[in-house]
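Here's the structure we're looking at; comments come further down.
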Amino acid sequence: MQIRQKDERAHSSVPHHVAIIMDGNGRWATSRGFPRVMGHQKGAAAVRRTVEAAASRGIAILTLFAFSSENWKRPRTEVSALMQLFMRALDKETEHLRENGIRLHVLGDVSAFSDSLRQRIAQAEERTRDGHRMLLNIAANYGGRWDIVQAARAAAADIASGRLESHDLNEERFASYLAEKEDVDLLIRTGGEKRISNFLMWQTSYSEIYFSDTLWPDYSSQDLDLAIEFFRGRERRFGMTSAQVADPR
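Just so you know, we're using the numbering used here here: the sequence shown kicks off at 33 and counts up by one.
Next up, the structure:
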């Protein structure tokens, strides 16, 4: 990221890029005596609420952690239900996103998904590609370490082919190979846990981090506003002093 862009973000009252680790679906369901899949179904409704709230508040990029590369370790029935829920959400929400100017992009290694799911993802991305109000990233089969490794492989391939000189590979150029190139301004994790769980590890280097005790199915626009208010109260220095942030000339 260029210094000018960092200066702009240091003085912004609304985060340009918000990323959310949507945690607590299973615990929400279990605490109510429901099967875990019901928590994921309720969580899908929270996704729609949060997308609408983020767009209305002027957030430019919203990245949601839907399914990590480690989530394949969960019970097979739960993974299958999550894949079906993902497909239904794409079928149901794509037109709504398009009508509201929201562009959908799926981050992650989609090669592990079924042909039908990959087709739905491609169709949804194509249908919403002209949306300029907000970019909605869904991180699915995504891991931060995977992201850095695949970026390193792509950069190495370009160097080997002569498309890139090794001495030209700096942080800004390397970021162009990542699944999401924009740094995250505000990282939110719901559900009370306090870790980043291998999510956007490069992109969150200078993120403000807000932990919410609210379980994801209960997450509301008011919860998002609390996180934004927290962000507004932070002094973002990016290695500078407080005096430099106050007067960046």
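Glycine is no exception: its CB is placed at the ideal position from the N, C-alpha and C atoms. Keep in mind that this is a model prediction, so the values were computed, not measured.
Roughly how many whole angstroms lie between the Cα atoms of residue i and residue j?
i, j, result
"L133", "E157", "Before going on, a small fix: residue 133 reads as Gly here, not Leu. Answer to the nearest angstrom: the Cα atoms are 12 Å apart."
"M115", "L149", "8 Å"
"E102", "N173", "8 Å"
"A46", "W178", "At residue 46 the sequence reads Val, which differs from the Ala that was named. Each residue's Cα considered, the two are about 29 Å apart."
"A61", "G265", "34 Å"
"R80", "V181", "31 Å"
"E267", "E84", "27 Å"
"Y251", "E197", "47 Å"
"A92", "A86", "8 Å"
"Q34", "E204", "With a pLDDT of 38 at Q34, under the threshold of 50, the modelled position of this residue cannot be trusted; read the value that follows with caution. Approximately 8 Å, taken between the alpha carbons."
"R152", "S63", "33 Å"
"E110", "L218", "30 Å"
"R36", "S112", "Reliability fails at R36, whose pLDDT of 36 lies under 50, so the model's placement of it is uncertain and the value that follows must be treated cautiously. One C-alpha to the other measures close to 45 Å."
"L247", "L168", "21 Å"
"A144", "H137", "17 Å"
"L94", "S146", "25 Å"
"W104", "S193", "35 Å"
"S253", "H199", "46 Å"
"S44", "R108", "44 Å"
"M119", "H128", "15 Å"
"F262", "R165", "24 Å"
"K226", "P67", "25 Å"
"A208", "L258", "Reading off the sequence, residue 208 comes out as Ser, not Ala. Straight-line Cα distance between these residues: approximately 32 Å."
So, are the CB atoms of residue i and residue j less than 9 Å apart?
i, j, result
"G176", "I228", "yes"
"M70", "L96", "no"
"S244", "D215", "no"
"I260", "R89", "yes"
"H49", "Q235", "yes"
"R221", "I241", "yes"
"F206", "A189", "no"
"A78", "P249", "yes"
"L256", "T126", "no"
"G224", "G65", "no"
Please list the terminal residues of the continuous alpha helix (DSSP H) segment that includes residue i.
i, result
"N57", "57-63"
"M115", "108-131"
"L256", "253-264"
"F206", "203-207"
"R185", "176-193"
Identify which residue in the options has its Cα closest to the Cα of residue i.
i, options, result
"D123", "D217, R89, L201, R159", "R159"
"A154", "L139, N57, M166, H164", "L139"
"S100", "E125, A187, N230", "N230"
"A171", "R205, I91, F262, D141", "D141"
"G75", "G90, G58, S63, G65", "G58"
"L117", "K213, S237, H72", "H72"
"S237", "Q254, S253, G65, K213", "K213"
Span of the beta strand (DSSP E) holding residue i?
i, result
"V79", "Not the beta strand (DSSP E): V79 falls in the alpha helix (DSSP H), residues 68-88."
"V50", "49-53"
"V138", "134-139"
"L149", "Counting along the chain, L149 falls outside any beta strand (DSSP E), though it belongs to the alpha helix (DSSP H) covering 147-159."
"A211", "Note, A211: premise wrong, no beta strand (DSSP E); not H, not E."
"A98", "93-100"
"R165", "Careful: R165 lies outside any beta strand (DSSP E) and carries neither H nor E."
For residue i and residue j, which I take to be in contact (beta-carbon distance under 8 Å), what is that distance rounded to the nearest angstrom?
i, j, result
"A183", "L210", "5 Å"
"R161", "R135", "6 Å"
"R195", "G163", "In fact, because the Cβ distance is near 31 Å, the residues do not count as touching under 8 Å."
"A98", "L232", "Incorrect: roughly 13 Å between the Cβ atoms, too far for contact."
Taking only beta-carbon atoms, is residue i less than 9 Å away from chain D?
i, result
"I180", "Going by chain labels, chain D is absent from the structure shown, which holds only one protein chain."
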